[in-house]
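Chemist: Numbering (our numbering), first residue to last: 93 to 400.
Even for Gly, the Cβ is constructed at its ideal location relative to N, Cα and C.
Predicted model only: the values in this text are computed from it and were never measured.
1. Quick check on this structure: which residue in 388, 176, 286 has the alpha carbon closest to the alpha carbon of residue 216?
2. Could you tell me the alpha carbon to alpha carbon distance between residue 372 and residue 379, rounded to whole angstroms?
3. Quick one: what does DSSP say residue 313 is sitting in, helix, strand or coil?
4. By DSSP, does residue 188 sit in helix, in strand, or in coil?
5. Residue 290 to residue 253, Cα distance in whole Å?
6. Relative to the C-alpha of residue 174, which residue among 121, 191, 190, 185 is closest?
7. Are residue 375 and residue 400 closer than 9 Å when you measure CB to CB?
8. Which full runs of the beta strand (DSSP E) of 3+ residues lie inside the segment 290–373, going along the chain?
9. Strictly by DSSP, which residues pair up with residue 183?
10. Of the choices 237, 239, 287, 233, whose alpha-carbon is the least far from that of residue 259?
11. What does the alpha-carbon distance come out to for the pair residue 293 and residue 384?
12. Taking the C-alpha atoms as reference points, what is the distance between residue 145 and residue 107?
13. Give a yes or no on contact between the segment 176–196 and the segment 204–218, applying the rule of three or more CB pairs nearer than 8 Å.
14. Within 10 angstroms of the Cβ of residue 262, are there 16 or more other Cβ atoms? Answer buried if so, exposed if not.
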(Lines of atoms letter the chains of each structure in order from A and count residues from 1; the text may use other names and numbers.)
(Lines give C-alpha, C1' and ligand atoms only; values in the text may rest on other atoms or scores of the structure.)
Protein backbone atom coordinates (compact mmCIF):
# COMPACT_ATOMS: atom_id res chain seq x y z
CA UNK A 1 0.00 0.00 0.00
CA UNK A 2 2.97 2.35 -0.36
CA UNK A 3 4.82 3.97 -3.24
CA UNK A 4 7.38 5.56 -0.94
CA UNK A 5 11.03 5.64 -2.05
CA UNK A 6 12.32 6.26 1.48
CA UNK A 7 14.81 3.75 2.93
CA UNK A 8 15.78 3.61 6.58
CA UNK A 9 19.34 4.23 7.74
CA UNK A 10 19.78 0.58 8.71
CA UNK A 11 18.64 -0.54 5.25
CA UNK A 12 21.09 1.82 3.55
CA UNK A 13 24.01 0.57 5.66
CA UNK A 14 23.04 -3.04 4.95
CA UNK A 15 22.74 -2.68 1.19
CA UNK A 16 25.86 -0.51 0.79
CA UNK A 17 27.88 -3.05 2.77
CA UNK A 18 26.53 -5.84 0.56
CA UNK A 19 27.33 -3.96 -2.68
CA UNK A 20 30.89 -3.17 -1.60
CA UNK A 21 31.63 -6.72 -0.44
CA UNK A 22 29.92 -8.49 -3.34
CA UNK A 23 30.52 -6.30 -6.41
CA UNK A 24 33.47 -4.14 -5.37
CA UNK A 25 34.06 -0.49 -4.59
CA UNK A 26 33.71 0.51 -8.27
CA UNK A 27 29.98 -0.21 -8.00
CA UNK A 28 29.45 1.71 -4.75
CA UNK A 29 28.64 5.47 -4.84
CA UNK A 30 30.56 7.69 -2.45
CA UNK A 31 27.28 8.66 -0.76
CA UNK A 32 23.92 6.90 -0.55
CA UNK A 33 21.46 7.57 -3.38
CA UNK A 34 18.18 9.24 -2.40
CA UNK A 35 15.07 9.36 -4.57
CA UNK A 36 11.79 11.28 -4.68
CA UNK A 37 8.49 10.01 -6.03
CA UNK A 38 7.25 11.37 -9.36
CA UNK A 39 3.69 11.16 -8.04
CA UNK A 40 2.87 14.30 -6.07
CA UNK A 41 0.15 12.41 -4.19
CA UNK A 42 2.32 9.42 -3.34
CA UNK A 43 1.58 7.64 -0.07
CA UNK A 44 4.92 8.03 1.67
CA UNK A 45 4.05 7.49 5.32
CA UNK A 46 5.81 4.12 5.26
CA UNK A 47 9.21 2.93 4.16
CA UNK A 48 9.73 1.60 0.66
CA UNK A 49 8.96 -2.03 -0.04
CA UNK A 50 12.27 -3.88 0.33
CA UNK A 51 13.84 -7.15 1.53
CA UNK A 52 14.54 -7.42 5.25
CA UNK A 53 18.23 -7.92 4.44
CA UNK A 54 20.26 -7.26 1.31
CA UNK A 55 22.30 -10.44 1.70
CA UNK A 56 19.22 -12.61 1.16
CA UNK A 57 19.86 -13.31 -2.55
CA UNK A 58 16.91 -14.75 -4.54
CA UNK A 59 18.96 -17.90 -5.27
CA UNK A 60 19.03 -18.67 -1.55
CA UNK A 61 15.25 -18.85 -1.16
CA UNK A 62 13.87 -22.19 0.06
CA UNK A 63 12.37 -24.64 -2.43
CA UNK A 64 8.94 -24.23 -0.81
CA UNK A 65 8.60 -20.77 -2.37
CA UNK A 66 6.47 -20.97 -5.55
CA UNK A 67 7.55 -19.41 -8.84
CA UNK A 68 5.37 -16.29 -8.62
CA UNK A 69 6.65 -15.50 -5.13
CA UNK A 70 10.22 -16.13 -6.26
CA UNK A 71 9.87 -13.76 -9.22
CA UNK A 72 8.27 -11.06 -7.06
CA UNK A 73 11.02 -11.30 -4.46
CA UNK A 74 13.70 -11.20 -7.18
CA UNK A 75 12.16 -8.01 -8.58
CA UNK A 76 12.06 -6.33 -5.15
CA UNK A 77 15.56 -7.50 -4.23
CA UNK A 78 17.18 -6.45 -7.51
CA UNK A 79 15.59 -2.99 -7.45
CA UNK A 80 16.55 -2.53 -3.81
CA UNK A 81 20.20 -3.41 -4.37
CA UNK A 82 20.46 -1.63 -7.74
CA UNK A 83 19.17 1.67 -6.33
CA UNK A 84 22.35 2.00 -4.23
CA UNK A 85 24.82 1.23 -7.03
CA UNK A 86 26.66 3.34 -9.58
CA UNK A 87 24.88 4.16 -12.86
CA UNK A 88 25.68 2.20 -16.00
CA UNK A 89 27.51 3.80 -18.92
CA UNK A 90 26.84 3.21 -22.61
CA UNK A 91 28.76 3.96 -25.80
CA UNK A 92 26.74 5.21 -28.75
CA UNK A 93 28.02 2.99 -31.54
CA UNK A 94 27.64 2.68 -35.30
CA UNK A 95 29.03 -0.14 -37.42
CA UNK A 96 29.55 0.07 -41.20
CA UNK A 97 29.80 -3.07 -43.31
CA UNK A 98 31.25 -3.54 -46.81
CA UNK A 99 31.63 -6.63 -48.93
CA UNK A 100 35.24 -7.66 -49.10
CA UNK A 101 35.02 -10.13 -51.99
CA UNK A 102 33.13 -7.83 -54.36
CA UNK A 103 32.96 -4.04 -54.75
CA UNK A 104 29.22 -3.35 -54.90
CA UNK A 105 29.29 0.24 -53.68
CA UNK A 106 26.76 -0.65 -51.00
CA UNK A 107 27.53 0.08 -47.37
CA UNK A 108 25.34 -1.35 -44.63
CA UNK A 109 25.02 0.58 -41.40
CA UNK A 110 23.71 -0.42 -37.99
CA UNK A 111 23.35 1.93 -35.03
CA UNK A 112 22.96 1.04 -31.40
CA UNK A 113 24.82 1.02 -28.14
CA UNK A 114 27.49 -1.00 -26.40
CA UNK A 115 27.82 -1.31 -22.64
CA UNK A 116 30.91 0.44 -21.29
CA UNK A 117 30.23 -0.19 -17.57
CA UNK A 118 27.38 -2.33 -16.26
CA UNK A 119 26.94 -0.45 -12.95
CA UNK A 120 23.60 -1.26 -11.29
CA UNK A 121 22.79 -3.71 -14.12
CA UNK A 122 25.11 -6.05 -12.21
CA UNK A 123 22.19 -6.60 -9.84
CA UNK A 124 19.14 -5.94 -12.01
CA UNK A 125 20.32 -7.38 -15.32
CA UNK A 126 20.92 -5.54 -18.62
CA UNK A 127 17.57 -4.49 -20.15
CA UNK A 128 16.66 -4.48 -23.79
CA UNK A 129 15.85 -1.07 -25.26
CA UNK A 130 12.69 -0.13 -27.15
CA UNK A 131 14.55 2.51 -29.15
CA UNK A 132 18.11 1.21 -29.47
CA UNK A 133 19.54 -2.25 -29.87
CA UNK A 134 22.39 -3.56 -27.78
CA UNK A 135 25.30 -4.31 -30.07
CA UNK A 136 28.08 -6.86 -29.60
CA UNK A 137 31.67 -5.78 -29.10
CA UNK A 138 33.44 -5.56 -32.49
CA UNK A 139 36.64 -3.97 -33.73
CA UNK A 140 37.70 -2.58 -37.07
CA UNK A 141 38.55 -5.11 -39.79
CA UNK A 142 36.64 -7.95 -38.07
CA UNK A 143 35.45 -10.42 -40.71
CA UNK A 144 31.76 -11.27 -40.50
CA UNK A 145 29.57 -13.58 -42.59
CA UNK A 146 25.92 -12.86 -43.42
CA UNK A 147 23.58 -15.81 -42.89
CA UNK A 148 20.31 -14.15 -43.89
CA UNK A 149 19.18 -10.92 -45.56
CA UNK A 150 15.45 -10.21 -45.35
CA UNK A 151 14.27 -6.90 -46.83
CA UNK A 152 11.09 -5.62 -45.24
CA UNK A 153 8.93 -2.51 -45.30
CA UNK A 154 7.84 -0.83 -42.09
CA UNK A 155 4.59 1.05 -41.63
CA UNK A 156 3.50 3.29 -38.81
CA UNK A 157 1.39 1.46 -36.27
CA UNK A 158 -1.24 2.66 -33.77
CA UNK A 159 -0.36 2.93 -30.07
CA UNK A 160 -0.09 -0.39 -28.29
CA UNK A 161 -3.07 -1.57 -26.27
CA UNK A 162 -2.82 -1.25 -22.52
CA UNK A 163 -1.47 -4.09 -20.45
CA UNK A 164 -1.86 -4.17 -16.67
CA UNK A 165 1.53 -2.50 -16.22
CA UNK A 166 1.04 0.20 -18.88
CA UNK A 167 -2.49 0.98 -17.64
CA UNK A 168 -1.22 1.49 -14.09
CA UNK A 169 1.60 3.65 -15.45
CA UNK A 170 -0.98 5.75 -17.31
CA UNK A 171 -3.10 6.13 -14.16
CA UNK A 172 0.00 7.26 -12.26
CA UNK A 173 0.95 9.80 -14.93
CA UNK A 174 -2.60 11.21 -14.94
CA UNK A 175 -2.63 11.45 -11.13
CA UNK A 176 -5.58 9.07 -10.78
CA UNK A 177 -5.88 6.43 -8.07
CA UNK A 178 -3.40 5.21 -5.50
CA UNK A 179 -1.24 2.07 -5.24
CA UNK A 180 -3.90 0.59 -2.93
CA UNK A 181 -6.60 1.06 -5.60
CA UNK A 182 -4.80 0.00 -8.78
CA UNK A 183 -5.34 -3.72 -8.19
CA UNK A 184 -9.08 -3.24 -7.60
CA UNK A 185 -9.39 -1.11 -10.76
CA UNK A 186 -7.75 -3.85 -12.84
CA UNK A 187 -9.97 -6.47 -11.19
CA UNK A 188 -13.26 -4.58 -11.60
CA UNK A 189 -12.94 -3.78 -15.31
CA UNK A 190 -12.38 -7.48 -15.99
CA UNK A 191 -14.98 -8.80 -13.52
CA UNK A 192 -17.69 -6.57 -15.00
CA UNK A 193 -16.72 -7.67 -18.53
CA UNK A 194 -15.78 -4.17 -19.68
CA UNK A 195 -12.52 -5.52 -21.10
CA UNK A 196 -11.04 -8.90 -21.90
CA UNK A 197 -7.40 -9.82 -21.79
CA UNK A 198 -5.98 -11.18 -25.05
CA UNK A 199 -2.24 -11.92 -25.21
CA UNK A 200 -1.72 -9.93 -21.99
CA UNK A 201 -3.37 -6.82 -23.48
CA UNK A 202 -6.77 -5.34 -22.66
CA UNK A 203 -9.39 -5.24 -25.43
CA UNK A 204 -12.71 -3.45 -24.89
CA UNK A 205 -15.82 -5.64 -24.99
CA UNK A 206 -19.12 -4.62 -26.59
CA UNK A 207 -20.43 -4.00 -23.08
CA UNK A 208 -17.42 -1.84 -22.21
CA UNK A 209 -17.87 0.31 -25.32
CA UNK A 210 -21.62 0.79 -24.69
CA UNK A 211 -21.12 1.65 -21.00
CA UNK A 212 -18.35 4.13 -21.84
CA UNK A 213 -20.39 5.83 -24.58
CA UNK A 214 -23.40 6.16 -22.27
CA UNK A 215 -21.39 7.54 -19.35
CA UNK A 216 -19.59 10.09 -21.51
CA UNK A 217 -22.91 11.11 -23.07
CA UNK A 218 -24.66 11.57 -19.73
CA UNK A 219 -21.78 12.80 -17.55
CA UNK A 220 -19.19 14.48 -19.84
CA UNK A 221 -17.58 16.50 -17.02
CA UNK A 222 -17.63 13.70 -14.47
CA UNK A 223 -15.96 11.31 -16.93
CA UNK A 224 -13.14 13.73 -17.74
CA UNK A 225 -9.64 12.87 -16.59
CA UNK A 226 -9.06 16.42 -15.37
CA UNK A 227 -12.18 16.29 -13.17
CA UNK A 228 -11.14 12.96 -11.66
CA UNK A 229 -7.69 14.31 -10.91
CA UNK A 230 -9.10 17.48 -9.30
CA UNK A 231 -11.51 15.41 -7.20
CA UNK A 232 -8.59 13.33 -5.93
CA UNK A 233 -6.82 16.56 -4.96
CA UNK A 234 -9.88 17.85 -3.12
CA UNK A 235 -10.17 14.60 -1.18
CA UNK A 236 -6.49 14.95 -0.23
CA UNK A 237 -7.19 18.49 0.94
CA UNK A 238 -10.02 17.18 3.13
CA UNK A 239 -7.61 14.67 4.67
CA UNK A 240 -5.20 17.54 5.40
CA UNK A 241 -7.98 19.63 6.96
CA UNK A 242 -7.69 22.31 4.27
CA UNK A 243 -11.17 21.78 2.73
CA UNK A 244 -14.58 21.48 4.38
CA UNK A 245 -15.92 18.06 3.44
CA UNK A 246 -19.60 19.08 3.80
CA UNK A 247 -19.18 21.95 1.34
CA UNK A 248 -17.30 19.71 -1.04
CA UNK A 249 -20.07 17.07 -0.99
CA UNK A 250 -22.80 19.69 -1.51
CA UNK A 251 -20.88 21.13 -4.44
CA UNK A 252 -20.43 17.70 -6.00
CA UNK A 253 -23.82 16.15 -5.34
CA UNK A 254 -25.86 19.21 -6.30
CA UNK A 255 -24.64 19.11 -9.88
CA UNK A 256 -24.36 15.33 -10.05
CA UNK A 257 -27.94 14.68 -8.91
CA UNK A 258 -29.32 16.99 -11.62
CA UNK A 259 -27.33 15.19 -14.32
CA UNK A 260 -28.47 11.86 -12.88
CA UNK A 261 -32.16 12.86 -13.06
CA UNK A 262 -31.71 14.01 -16.66
CA UNK A 263 -30.01 10.72 -17.55
CA UNK A 264 -32.86 8.70 -16.00
CA UNK A 265 -35.48 10.67 -17.93
CA UNK A 266 -33.82 11.11 -21.32
CA UNK A 267 -31.22 8.39 -21.81
CA UNK A 268 -32.49 5.21 -23.48
CA UNK A 269 -31.37 1.92 -21.99
CA UNK A 270 -28.24 0.58 -23.67
CA UNK A 271 -29.84 -2.80 -24.34
CA UNK A 272 -32.85 -1.15 -25.99
CA UNK A 273 -30.77 0.59 -28.63
CA UNK A 274 -30.31 -0.93 -32.07
CA UNK A 275 -27.83 -0.33 -34.85
CA UNK A 276 -28.65 -1.00 -38.53
CA UNK A 277 -26.73 -3.81 -40.24
CA UNK A 278 -25.96 -4.31 -43.94
CA UNK A 279 -27.23 -7.91 -44.04
CA UNK A 280 -30.61 -9.34 -44.97
CA UNK A 281 -32.37 -11.97 -42.90
CA UNK A 282 -31.78 -15.37 -44.56
CA UNK A 283 -35.31 -16.49 -43.56
CA UNK A 284 -37.53 -13.56 -44.60
CA UNK A 285 -35.07 -11.16 -46.26
CA UNK A 286 -36.03 -8.34 -43.90
CA UNK A 287 -33.42 -5.82 -42.80
CA UNK A 288 -31.26 -6.90 -39.88
CA UNK A 289 -29.93 -4.87 -36.99
CA UNK A 290 -27.51 -5.19 -34.11
CA UNK A 291 -29.02 -5.58 -30.68
CA UNK A 292 -27.37 -5.87 -27.31
CA UNK A 293 -27.88 -8.88 -25.06
CA UNK A 294 -26.34 -10.39 -21.96
CA UNK A 295 -23.55 -11.91 -24.07
CA UNK A 296 -22.83 -8.75 -26.05
CA UNK A 297 -23.96 -7.59 -29.50
CA UNK A 298 -25.82 -9.95 -31.78
CA UNK A 299 -27.47 -9.77 -35.20
CA UNK A 300 -31.27 -9.79 -35.15
CA UNK A 301 -34.02 -9.69 -37.75
CA UNK A 302 -36.11 -6.49 -37.61
CA UNK A 303 -39.24 -8.64 -38.08
CA UNK A 304 -38.68 -10.43 -34.77
CA UNK A 305 -40.78 -11.90 -33.12
CA UNK A 306 -42.79 -12.62 -36.30
CA UNK A 307 -39.59 -13.97 -37.82
CA UNK A 308 -37.64 -16.33 -35.59
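Modeler: If we stick to the structure as given:
1. To locate residue 216, count along the chain shown from 1; it is residue 124. Considering only alpha carbons, the answer is 176.
2. As a first step, residue 372 must be located in the chain shown, where it is residue number 280. As a first step, residue 379 must be located in the chain shown, where it is residue number 287. C-alpha separation (whole angstroms): 5 Å.
3. As a working mapping, residue 313 is identified with position 221 in the chain shown. In the three-state DSSP reduction, residue 313 falls in the coil class, being neither helix nor strand.
4. For this step, residue 188 is matched to residue 96 along the chain shown. Three-state result, residue 188: strand.
5. Residue 290 sits at position 198 when you count from the first residue of the chain shown. Residue 253 sits at position 161 when you count from the first residue of the chain shown. Those two C-alpha atoms are separated by around 10 Å.
6. For this step, residue 174 is matched to residue 82 along the chain shown. Cα-wise, what sits closest to residue 174 is 121.
7. By 1-based counting over the chain shown, the position of residue 375 is 283. By 1-based counting over the chain shown, the position of residue 400 is 308. Result yes, Cβ atoms of residue 375 and residue 400 sit closer than 9 Å.
8. 293–296, 367–372, all fully within the segment 290–373.
9. In the chain shown, residue 183 corresponds to position 91, counting from 1. BP columns for residue 183 point to 206.
10. Position 167 of the chain shown, counted from the start, is the residue given in the question as residue 259. For residue 259, the nearest C-alpha among the options comes from 287.
11. Along the chain shown, one-based indexing puts residue 293 at 201. Along the chain shown, one-based indexing puts residue 384 at 292. The straight-line gap from Cα to Cα measures roughly 24 Å.
12. Taking the first residue of the chain shown as position 1, residue 145 is located at position 53. Taking the first residue of the chain shown as position 1, residue 107 is located at position 15. Approximately 8 Å between the Cα atoms of the pair.
13. They touch, by the three-pair rule.
14. Counting from 1 along the chain shown, the entry for residue 262 is found at position 170. It counts as exposed.
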